[in-house]
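Written below as structure tokens is the structure these notes are about.
Number of protein chains: 6
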Amino acid sequence: MVREISRPGPGDLKLLGEYGVATVHEAQGRTGLMASYMRPIYRPANLFGSAITVLVPPGDNWMLHVAIEVCRPGDVLVVATSSPCEDGYFGDLLATSAMARGCRGLVIDAGVRDVRDLTQMGFPVWSKAVFAQGTVKATPGSVNVPIVCAGAAILPGDVIIADDDGVCVVPRARAADVLEKARAREANEESKRVRLAAGELGLDIYDMRAKLEQMGLRYE
Amino acid sequence: MVREISRPGPGDLKLLGEYGVATVHEAQGRTGLMASYMRPIYRPANLFGSAITVLVPPGDNWMLHVAIEVCRPGDVLVVATSSPCEDGYFGDLLATSAMARGCRGLVIDAGVRDVRDLTQMGFPVWSKAVFAQGTVKATPGSVNVPIVCAGAAILPGDVIIADDDGVCVVPRARAADVLEKARAREANEESKRVRLAAGELGLDIYDMRAKLEQMGLRYE
Amino acid sequence: MVREISRPGPGDLKLLGEYGVATVHEAQGRTGLMASYMRPIYRPANLFGSAITVLVPPGDNWMLHVAIEVCRPGDVLVVATSSPCEDGYFGDLLATSAMARGCRGLVIDAGVRDVRDLTQMGFPVWSKAVFAQGTVKATPGSVNVPIVCAGAAILPGDVIIADDDGVCVVPRARAADVLEKARAREANEESKRVRLAAGELGLDIYDMRAKLEQMGLRYE
Amino acid sequence: MVREISRPGPGDLKLLGEYGVATVHEAQGRTGLMASYMRPIYRPANLFGSAITVLVPPGDNWMLHVAIEVCRPGDVLVVATSSPCEDGYFGDLLATSAMARGCRGLVIDAGVRDVRDLTQMGFPVWSKAVFAQGTVKATPGSVNVPIVCAGAAILPGDVIIADDDGVCVVPRARAADVLEKARAREANEESKRVRLAAGELGLDIYDMRAKLEQMGLRYE
Amino acid sequence: MVREISRPGPGDLKLLGEYGVATVHEAQGRTGLMASYMRPIYRPANLFGSAITVLVPPGDNWMLHVAIEVCRPGDVLVVATSSPCEDGYFGDLLATSAMARGCRGLVIDAGVRDVRDLTQMGFPVWSKAVFAQGTVKATPGSVNVPIVCAGAAILPGDVIIADDDGVCVVPRARAADVLEKARAREANEESKRVRLAAGELGLDIYDMRAKLEQMGLRYE
Amino acid sequence: MVREISRPGPGDLKLLGEYGVATVHEAQGRTGLMASYMRPIYRPANLFGSAITVLVPPGDNWMLHVAIEVCRPGDVLVVATSSPCEDGYFGDLLATSAMARGCRGLVIDAGVRDVRDLTQMGFPVWSKAVFAQGTVKATPGSVNVPIVCAGAAILPGDVIIADDDGVCVVPRARAADVLEKARAREANEESKRVRLAAGELGLDIYDMRAKLEQMGLRYE
């Protein structure tokens with residue numbers, strides 16, 4: 001259990017949060033994406049914040065109570081299990097507690113329950129499963145240690161961006177750089193969007209015809 | 001095919017139906033839950049009723065017609081296959097027939113189709129898949145025999161509770177006892193919810209600090 | 001890359017499009033259905049059109065730009081990968097381009113991203129996954145060749161019918177015949193629906209009792 | 001924890017054990033089979049015995065130590081988890097202990113480890129996974145209660161038959177009846193085998209041609 | 001049911017059979033491969049032959065008896081299901097019958113049983129599952145029609161090549177051409193193998209360094 | 001591409017290699033284990049070495065050629081993909097090249113082919129799939145960067161231990177400490193093994209009875 005962690009500046013966080021997961025993932029060189037099985041419990045949903053990392057044993061949600069104590073406004077709980085598990089670690093009571101501490105949402109490589117309540121509370125969750133299966137409080141885990149969640153490596157204080165496309169992690173130290181690249185990418189996309197909407201072809205906009213011919217594409 | 005089965009009292013049923021799956025599952029000692037792949041075809045959805053159990057061959061929905069004959073108002077069709085299958089056993093015609101007999105919904109460890117119609121009809125279904133694949137009517141199965149559906153053992157007349165979190169089975173004989181425990185649990189949760197919403201920590205409410213320290217949790 | 005393909009007559013297309021996937025699949029003898037993992041990104045959704053087939057390498061969406069050039073109003077992009085892949089091949093820019101060419105929707109045995117944008121644009125997609133993972137443009141594939149998509153064999157110009165139940169392919173040459181059978185089936189179902197809604201049993205309407213008894217069904 | 005259970009007679013057990021899973025499963029009307037994901041850790045392998053049932057929490061193998069105490073020669077440990085888990089609940093130490101008590105093998109709807117040692121010891125195991133992941137000893141479960149293991153309902157004292165094709169459960173009360181049917185089936189198959197090996201066709205031996213023609217099979 | 005089909009010349013077949021699946025798959029431009037879940041029931045195993053295609057309903061193996069009648073020496077049974085199914089369609093009796101007709105092996109996108117017997121008989125099978133689950137004989141299917149098996153499109157008379165790496169289909173008309181390319185590829189690989197074994201690097205043999213530098217690879 | 005990395009001392013490596021994956025995983029506090037889907041292509045198999053990490057695009061094995069150049073005797077190739085892929089990245093030619101450089105084996109979160117050749121060569125591989133599907137050489141990746149492989153975070157130069165139970169990663173800096181703990185654990189297990197083999201119960205050896213009673217275990 002680590003109490004004190006560094007967090008990204010709130011400015012960078014907020015600005016990064018304005019871009020979607022697909023844009024941020026591209027902006028940092030197609031890294032940091034969690035597996036496609038991580039789905040939001042309701043849609044549309046989006047989330048950005050600073051990661052509180054939690055490592056829990058299978059079927060045991062004790063450490064979530066421990067983690068909530070160190071949540072500050074703007075934090076996101078990111079939970080990995082020490083072995084694969086789909087149990088419902090988190091429900092409306094924990095969400096009530098987390099929201100009271102300013103926690104913005106949950107990303108969990110396991111299951112969640114009380115999803116109707118969580119939806120009504122507007123507490124966004126990305127999870128591997130929705131499952132009413134209860135958990136015990138018998139074995140401690142860790143809070144604010146490096147974890148691997150749904151295939152992505154995360155340190156406490158990393159930036160979490162999530163929307164209907166999934167969840168992406170931006171290392172804290174790279175936040176400013178990624179923000180800049182996301183901004184550039186979005187600007188570039190906007191001009192493309194207008195031309196494509198007008199019927200211009202990507203083949204021409206991106207100047208692909210010569211390259212495709214050279215790679216052997218033949219028209220019949 | 002068994003025509004006459006015992007059913008739970010309508011009073012217990014209705015009262016149990018007021019609690020969600022997570023609460024009922026906890027109240028009966030974390031048993032009776034179906035696998036997490038059983039998902040509602042629309043959300044929010046909820047269902048309670050007395051089980052008519054059906055065992056069908058793969059790709060053959062003949063027995064559903066047989067089962068509907070014995071449905072009474074308040075019943076729920078619970079369908080297992082004799083080997084894993086995702087075919088669309090059930091669609092709008094069977095739903096029309098089932099509703100006409102007072103059947104409240106369907107729980108099927110297989111596929112379902114016509115989901116848009118079923119949604120418009122307000123006929124709730126929990127299934128393993130949505131799949132248009134048709135079935136034949138060539139081989140009989142069984143109605144109102146003990147079955148295993150999505151990992152849960154069910155007898156005809158058991159209580160089925162389903163919502164957005166999944167499906168739970170309460171043995172008929174335990175319905176009154178589980179009801180009482182669910183009531184106690186809910187009451188207890190309500191007081192906790194108020195304290196958690198006020199920012200009090202689960203660590204303190206549940207008095208976990210000493211136990212965690214004893215289990216070796218260290219703060220850094 | 002094949003530029004010129006035959007397409008079904010727009011009349012047949014439109015009429016077939018009025019029937020759902022379950023009906024069309026039955027009408028053509030329970031063939032042509034894609035696997036149940038092909039799900040719409042929003043619901044309700046429906047689609048009909050003439051297939052532009054695309055075969056792409058894993059993690060490479062170059063050919064989608066090539067395919068869009070040959071789209072005509074009423075076409076549907078149908079994309080298979082040369083090996084299984086869940087990457088997000090298609091997002092809002094490609095959708096903008098496809099819509100500008102009259103393309104009606106996308107069926108892809110892989111992933112898609114920007115699903116919130118696609119939902120707002122009303123561009124329907126059936127896919128194996130929602131995944132923000134980006135793709136490269138390095139290796140050509142094929143357009144308008146025979147493909148296998150989610151277990152179904154498809155030729156360019158085949159009819160695609162999709163709704164909340166999944167995706168079905170009707171070979172172009174069979175479109176008129178299937179249309180007729182779908183019409184007959186629907187008419188027949190309508191009369192059954194009325195009788196079932198009135199509480200008559202399928203056992204009686206379909207005259208099943210004797211056959212079931214002969215097959216050994218016993219009542220207890 | 002139930003100490004005293006009824007077991008099948010050793011004679012029936014031994015005789016049933018001479019038939020394979022496919023034969024026994026057919027002989028009892030195609031019921032009692034566990035899911036196809038239950039695989040032996042080495043092949044060829046076979047096993048028959050009387051079930052000691054164990055229900056364990058995810059990631060917690062404490063109850064296996066409890067269960068071994070009540071094992072008698074000829075017993076088989078049959079382990080289900082209260083929620084899905086692939087952890088390695090069982091390794092060479094537990095196998096050493098189980099063998100010392102006369103236990104013949106393990107059927108576990110979870111993971112197992114030390115598979116090279118278990119193979120060398122000749123201790124057969126059917127499991128959902130091979131996984132080195134360790135477990136804790138923190139939460140009790142149950143021994144000799146009714147369980148559902150890999151989709152099959154089992155009571156303590158039921159007969160377990162396992163081979164390279166999978167695992168089948170025969171209710172204790174039906175053992176003698178199933179034995180008789182397995183014997184009849186095997187005898188019948190033997191005569192068929194000789195005729196098929198001589199080149200005679202199943203179409204003729206089973207007299208299928210007329211029935212197939214009547215069902216609409218046409219030759220082209 | 002189609003009795004008469006064209007088969008590849010036995011010479012081409014035999015020669016193609018000398019190359020493994022990986023080589024043949026490459027030689028025909030990386031097409032024709034079945035999904036990776038198709039695994040041999042024993043290893044090492046290999047198979048080549050001319051396809052008899054069979055389409056069967058879920059849980060119904062009637063058509064296998066029909067198909068065996070048209071098997072000639074050198075044929076391979078290739079079985080697809082009309083919807084996904086893992087049942088054990090094929091066991092030692094059918095294998096006895098198939099071997100008596102000269103059938104060389106089985107490729108089935110479903111389950112198989114009696115695998116120990118099949119192994120002892122030396123009858124190779126590639127399947128999606130090993131599962132003792134029995135099937136009925138109630139609904140006809142088709143023999144020698146175009147099918148999609150494990151993601152690959154197959155016509156009767158196509159060449160089937162299978163080994164420990166999986167299963168590949170070569171269209172009959174392309175057999176001679178693919179054979180030639182496989183031969184060239186193998187010759188080329190042999191010289192590379194010698195150089196690689198001597199410690200030369202692929203980077204140098206394939207002259208990759210300049211291209212990698214141009215693509216942006218940097219050494220640190 | 002990073003050329004120079006630190007490696008563990010050969011002494012520690014060799015000694016750690018004498019313990020199995022289950023023991024090493026326990027010795028380092030149940031961390032570092034790859035997912036259970038990582039299976040050896042032949043059994044028995046075991047491997048220890050220093051990791052050369054490789055990150056590859058889906059369907060593109062170019063970087064494997066780059067990685068082999070930096071292999072030294074005692075190294076193990078550990079390959080992750082930038083998005084999930086089962087293609088056969090590695091076959092007998094790459095194995096020939098890797099062995100010539102002293103590489104001891106391969107751990108790949110993707111597919112492998114030519115498994116019969118690899119088995120005959122005695123080159124051990126742990127992979128997610130066996131799949132003949134070919135790959136291209138079009139897009140660079142990275143060598144000797146931090147990766148996540150099958151759920152485990154790995155740095156270049158970390159220790160890889162693999163056997164029939166799976167694959168475990170020991171951070172280079174912890175190798176000596178884990179070695180000591182593995183030794184202690186093994187010694188402790190040996191004495192337990194003797195007592196268990198003599199029929200003593202784990203309940204008594206580990207002194208569990210009082211604790212179980214206190215946790216509520218009741219005997220009936």
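Taken in order, these protein sequences are the chains called Y, H, Z, L, E and S. Residue 165 in this note's numbering is what sits at position 165 of the first sequence, and the numbering runs on without skipping anything. Residue 88 in this note's numbering is what sits at position 88 of the second sequence, and the numbering runs on without skipping anything. Residue 157 in this note's numbering is what sits at position 157 of the third sequence, and the numbering runs on without skipping anything. Residue 129 in this note's numbering is what sits at position 129 of the fourth sequence, and the numbering runs on without skipping anything. Residue 84 in this note's numbering is what sits at position 84 of the fifth sequence, and the numbering runs on without skipping anything. Residue 73 in this note's numbering is what sits at position 73 of the sixth sequence, and the numbering runs on without skipping anything. Beta carbons are placed, not taken as given, at the ideal position from N, Cα and C, and that holds for glycine. As the structure is a computational prediction, the values presented were derived from the model and not from experiment.
**Study point:** S:Ser6 in three-state terms, based on DSSP
**Key:** Residue state for S:Ser6 is assigned as coil, using DSSP reduced to three classes.
Check your understanding: Residues bridged to Y:Ala175 by DSSP?
Key -> Answer is none; Y:Ala175 lacks a bridge partner.
Exercise for review: Would you verify that the beta carbon of S:Gly224 is, or is not, closer than 8 Å to some beta carbon of chain L?
Suggested key: Since the first and last residues shown for chain S are 1 and 220, residue 224 of chain S lies out of range.
**Study point:** Sufficient close CB pairs (3 or more, under 8 Å) joining the segment 110-127 of chain S to the segment 79-98 of chain S
**Key:** Enough Cβ pairs lie closer than 8 Å, so yes.
Point to revise | Beta-carbon gap between H:Asn61 and H:Thr119 smaller than 8 Å | key: No.
Practice item. Could you work out which residue in L:Val194, L:Val2, L:Pro58, L:Leu212 is closest to E:Ala100 when comparing CA atoms only? Key: Among L:Val194, L:Val2, L:Pro58, L:Leu212, the Cα nearest to that of E:Ala100 is on L:Val194.
Check your understanding: So with Cβ pairs under 8 Å, would you call Z:Arg30 a contact of chain E?
Key -> For Z:Arg30, the answer is yes, since a Cβ of chain E falls inside 8 Å of its Cβ.
Point to revise | Where the segment 133-153 of chain L meets chain H: residues whose CB sits under 8 Å from a CB there | key: Listed by position along the chain: Pro146, Val148, Gly151, Ala152, Ala153.
Review point. Between H:Gly202 and the rest of its own chain, which residues show a CB-CB distance below 6 Å, the 5 nearest in sequence each way excluded?
Key: Contacts found: none.
Check your understanding: Taking only beta-carbon atoms, is H:Ser191 less than 8 Å away from chain L?
Key -> Not one chain L Cβ lies under 8 Å of H:Ser191.
Practice item. Assign S:Met215 to buried or exposed, taking buried as 16 or more other Cβ atoms, counted over all protein chains shown, within 10 Å of its Cβ. Key: Exposed, by the Cβ-count rule.
**Study point:** Environment of E:Gly9 [buried if 16+ CB atoms lie within 10 Å]
**Key:** Exposed: under 16 other Cβ atoms inside 10 Å.
Check your understanding: Per DSSP, S:Asp75 is paired with what?
Key -> S:Asp75 is bridged by DSSP to S:Ser50.
**Study point:** Residue from Y:Pro73, Y:Gly59, Y:Val66, Y:Ala80 whose Cα sits closest to the Cα of Y:Lys14
**Key:** For Y:Lys14, the closest of Y:Pro73, Y:Gly59, Y:Val66, Y:Ala80 by C-alpha to C-alpha distance is Y:Pro73.
Point to revise | N- and C-terminal bounds of the alpha helix (DSSP H) containing H:Gly105 | key: No alpha helix (DSSP H) contains H:Gly105, which is instead part of the beta strand (DSSP E) from 105-112.
Review point. Of the choices E:Ala184, E:Val167, E:Arg185, E:Ala197, whose alpha-carbon is the least far from that of E:Ala35?
Key: E:Ala35 has its Cα closest to that of E:Val167, out of E:Ala184, E:Val167, E:Arg185, E:Ala197.
Review point. Taking just the CA atoms, how far does S:Cys85 sit from S:Met38?
Key: Computed Cα separation, rounded: 13 Å.
Exercise for review: Would you kindly work out how many angstroms separate the C-alpha atoms of S:Val159 and H:Pro40, rounded to a whole number?
Suggested key: Taking the straight line from one Cα to the other gives about 46 Å.
Point to revise | At least 3 beta-carbon pairs within less than 8 Å: the segment 17-37 of chain Y vs the segment 24-33 of chain Z | key: No, the segment 17-37 of chain Y is not in contact with the segment 24-33 of chain Z.
Practice item. Would you please verify whether the beta carbon of Z:Ser127 is less than 8 Å from any beta carbon of chain E? Key: Proximity of Z:Ser127 to chain E, defined by a Cβ-Cβ separation below 8 Å, is not satisfied.
Practice item. Could you name each continuous alpha helix (DSSP H) segment of 4 residues or more that falls completely within the segment 186-218 of chain E, going from the start of the chain to the end? Key: Listed in chain order, the alpha helix (DSSP H) runs fully inside the segment 186-218 of chain E are 202-205, 209-214, counting runs of at least 4 residues.
Check your understanding: So, does the CB of Y:Gly59 fall closer than 8 Å to a CB anywhere in chain L?
Key -> For Y:Gly59, the nearest CB of chain L lies under 8 Å from its own CB, placing it at the interface with that chain.
Review point. Hey, does E:Ser97 have any beta-carbon neighbour from chain B nearer than 8 Å?
Key: The structure shown contains no chain B; its protein chains are Y, H, Z, L, E and S.
Review point. DSSP on Y:Val169, reduced to helix/strand/coil?
Key: In this structure, Y:Val169 counts as strand in the three-state DSSP scheme.
Exercise for review: Starting from L:Ser82, find everything on chain H with Cβ-Cβ shorter than 7 Å and list it in chain order.
Suggested key: Simply Arg30.
Check your understanding: Where do the ends of the alpha helix (DSSP H) carrying S:Ala132 lie?
Key -> No alpha helix (DSSP H) contains S:Ala132, which DSSP labels as neither H nor E.
Exercise for review: For Z:Phe123, collect the residues of the same chain with a Cβ closer than 8 Å to its Cβ; drop the 5 residues on either side in sequence, then sort them by chain order.
Suggested key: Excluding residues within five positions, the ones whose Cβ falls inside 8 Å are Ala95, Ala98, Met99, Gly105, Leu106.
Point to revise | For H:Tyr206 and H:Ala198, the rounded distance between their alpha carbons | key: Their backbone Cα atoms lie some 15 Å apart in a straight line.
Point to revise | Cα-Cα separation, H:His65 to Z:Leu217 | key: Roughly 13 Å between the two C-alpha positions.
Review point. What do you reckon, are the CB atoms on L:Ile5 and L:Ala80 nearer than 8 Å?
Key: Annotated as distal: L:Ile5 and L:Ala80, with beta-carbon spacing of 8 Å or more.
Review point. Which partner residues of Z:Asp227 appear in the DSSP bridge assignment?
Key: Here chain Z comprises residues numbered 1 to 220, so residue 227 of chain Z is not present and cannot be evaluated.
Exercise for review: Consider the Cβ of Z:Tyr219: report whether some Cβ of chain H lies at a distance smaller than 8 Å.
Suggested key: So yes, Z:Tyr219 belongs to the interface.
Check your understanding: According to the Cβ coordinates, are L:Gly141 and L:Pro57 closer than 8 Å?
Key -> Yes.
Exercise for review: Give the range of the alpha helix (DSSP H) segment to which E:Asp117 is assigned.
Suggested key: From DSSP, the alpha helix (DSSP H) with E:Asp117 extends over 115-121.
Point to revise | Y:Leu155 in three-state terms, based on DSSP | key: Correct three-state label for Y:Leu155: coil.
Review point. Helix or strand or just coil, what does DSSP make of L:Arg30?
Key: If DSSP states are grouped into helix, strand and coil, L:Arg30 belongs with coil.
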